[in-house]
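Be aware that the sequence shown starts at 0, since it is given in numbering that gives the first Met the number 0, and climbs by one per residue.
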Amino acid sequence: MSDANLLMKVRSALKGVAASSGGDILTLGAVEGLTATSEGVVRFTLNADRAGGDAETTLARAREAVEKVAGVARVAAVATAHRAPSASPAGHANPFGLRDKPKIETAARELQDVKNVIAVASGKGGVGKSTVAANLAIALTQRGLAVGLLDADIYGPSLPILFGLSGKPDVVDGKIRTVEKFGVRSMSIGLLVDENQALAWRGPMVMGALRQLIGDVDWGALDVLVIDTPPGTGDAHLTLAQSKRLTGAIIVSTPQEMALADMRRGVELFRKVNVPILGVIENMAWLESPGGEKTYLFGRGGAEAAARDIGAPFLGALPLDPELRIACDEGIPIARRNPSSPTAQAFAGIAAKIAPVLNS
Ligand SMILES: Nc1ncnc2c1ncn2[C@@H]1O[C@H](COP(=O)(O)OP(=O)(O)OP(=O)(O)O)[C@@H](O)[C@H]1O
Ligand SMILES: [Mg+2]
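Spelled out as structure tokens, the structure:
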């Protein structure tokens with residue numbers, strides 16, 4: 000429940016926090032999505048461009064000011080990244096013109112107890128990346144690995160639904176705590192900000208948000224962090240690829256030609272920045288009738304052939320499975336809901352192929 004009284008007190012505290020331009024951050028409109036609950040939990044996002052100066056320092060001052068307000072139990076606040084300056088810094092390898100690289104490298108260092116970082120990607124949307132990432136994460140825990148799952152789809156987070164997560168994560172000592180469910184430590188932008196708020200973000204802010212999901216979240220020690228990426232090959236992929244922290248990428252595709260063409264583009268991008276392709280997964284490969292007859296709706300074996308073409312390992316095929324879809328919508332992935340089902344077994348098989356190539 001929100002607490003209007005507390006919110007007023009918090010607002011006046013934020014008015015005491017100066018922005019670099021001279022005004023205060025509240026009046027300048029640099030505080031976004033401010034809420035205060037009756038349990039004393041205060042949340043907001045600091046818009047770095049409006050606040051000006053060093054956003055992290057301003058955020059720390061804002062946090063401190065709010066923490067002093069009577070009735071505030073906890074402050075969950077993040078800063079967006081600065082929008083990129085118009086001039087591009089010249090002189091270092093930067094194939095995609097990504098400008099806040101130094102910050103990204105700082106964030107990557109904070110993942111030092113994470114042995115492997117795997118991005119699940121596809122060129123095309125809706126081919127099942129999020130479904131694969133969620134089930135694969137669970138299948139990897141079933142092999143005894145410590146697994147994290149980061150939903151990096153800033154515009155369309157899926158993890159809250161896939162894992163049935165709700166509520167806001169805790170923030171302890173300025174670090175966002177992961178939410179643990181099904182034995183997986185997970186985090187999604189969907190747990191931190193309003194969907195509508197993120198929709199208005201542009202490239203650099205997306206990169207900033209992603210950087211925070213990596214650097215401001217207490218991932219702890221993990222064998223593997225699985226990252227579910229947005230469709231296509233955009234800012235999030237470039238951020239990840241250039242973080243120099245990716246162990247490799249897994250590409251999900253349906254077998255039809257259109258999806259495969261997009262998949263090849265995705266593979267190109269990762270290869271350009273020297274991220275190994277751990278393998279290709281063919282999703283929605285066939286539909287099985289109750290009598291056991293298989294129909295290959297999108298053509299047969301297309302992704303496997305494409306994997307061969309591009310010289311990447313083929314990790315396995317997943318059927319179109321109504322139970323898989325239902326499990327997703329119910330918030331209990333099939334790998335957990337029905338581990339002995341053929342689809343869950345297919346995920347186990349994929350996990351078994353990936354495990355040996357991971358750093359131990
Ligand atoms: N093998 C499958 N059988 C049945 N349904 C599936 C299968 N794979 C994915 N789906 C369903 O297809 C839809 C899209 O899947 P999902 O959200 O995982 O795709 P995505 O690639 O992450 O999409 P986006 O590009 O929007 O992020 C979901 O409703 C999911 O439940
Ligand atoms: Mg998705």
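Using N, Cα and C, we set each Cβ at its ideal position, and we do this for glycine too.
**Asked** Any heavy atom of ligand 2 closer than 7 Å to the Cβ of residue 234?
**Response** no
Q: Output the residue ranges of the alpha helix (DSSP H) runs that lie fully inside the segment 257-336 and measure 4 residues or longer, sorted by chain position.
A: 301-309, 321-329 and 333-336
> In or out: residue 96 buried (at least 16 other Cβ within 10 Å) or exposed?
Replying inline: Confidence at residue 96 is low in this model, with a pLDDT of 27, below 50, so its placement is unreliable and no value can be given for it.
Let me know the secondary structure DSSP gives residue 112 once reduced to three states. coil
Touch test, the segment 242-262 against the segment 108-125, Cβ-Cβ under 8 Å, three pairs minimum | yes
Handout entry: Residue environment, residue 283, which counts as buried when at least 16 other CB atoms sit within 10 Å
Key = Residue 283 should be labelled buried.
- request: Give the DSSP-derived three-state secondary structure of residue 49 in the structure shown.
  value: helix
Euclidean distance between Cα positions of residue 142 and residue 293: 30 Å
Open item on the list: Rounding to the nearest angstrom, what Cα-Cα distance links residue 244 and residue 140 in this structure?
Closed with: 21 Å
- [ ] Work out the CA separation of residue 75 and residue 355 for me, nearest whole Å.
- [x] 38 Å
**Message:** At a threshold of 7 Å, does residue 8 count as lining ligand 2 (C-beta to nearest heavy atom)?
**Reply:** no
*Does the segment 270-279 come within contact of the segment 212-232, defined as at least 3 CB pairs closer than 8 Å?*
Fewer than three beta-carbon pairs drawn from the segment 270-279 and the segment 212-232 are found closer than 8 Å, and the two stretches are therefore not classed as touching.
TODO: Provide the residue(s) that pair with residue 227 in DSSP beta bridges, ordered along the chain.
DONE: 119 and 150
Is residue 217 a contact residue of ligand 1, with contact defined as CB to any heavy atom under 7 Å? no
| request: Could you check what DSSP says for residue 63 in three-state terms: helix, strand or coil? | output: helix
Span of the alpha helix (DSSP H) around residue 238 = 234-241
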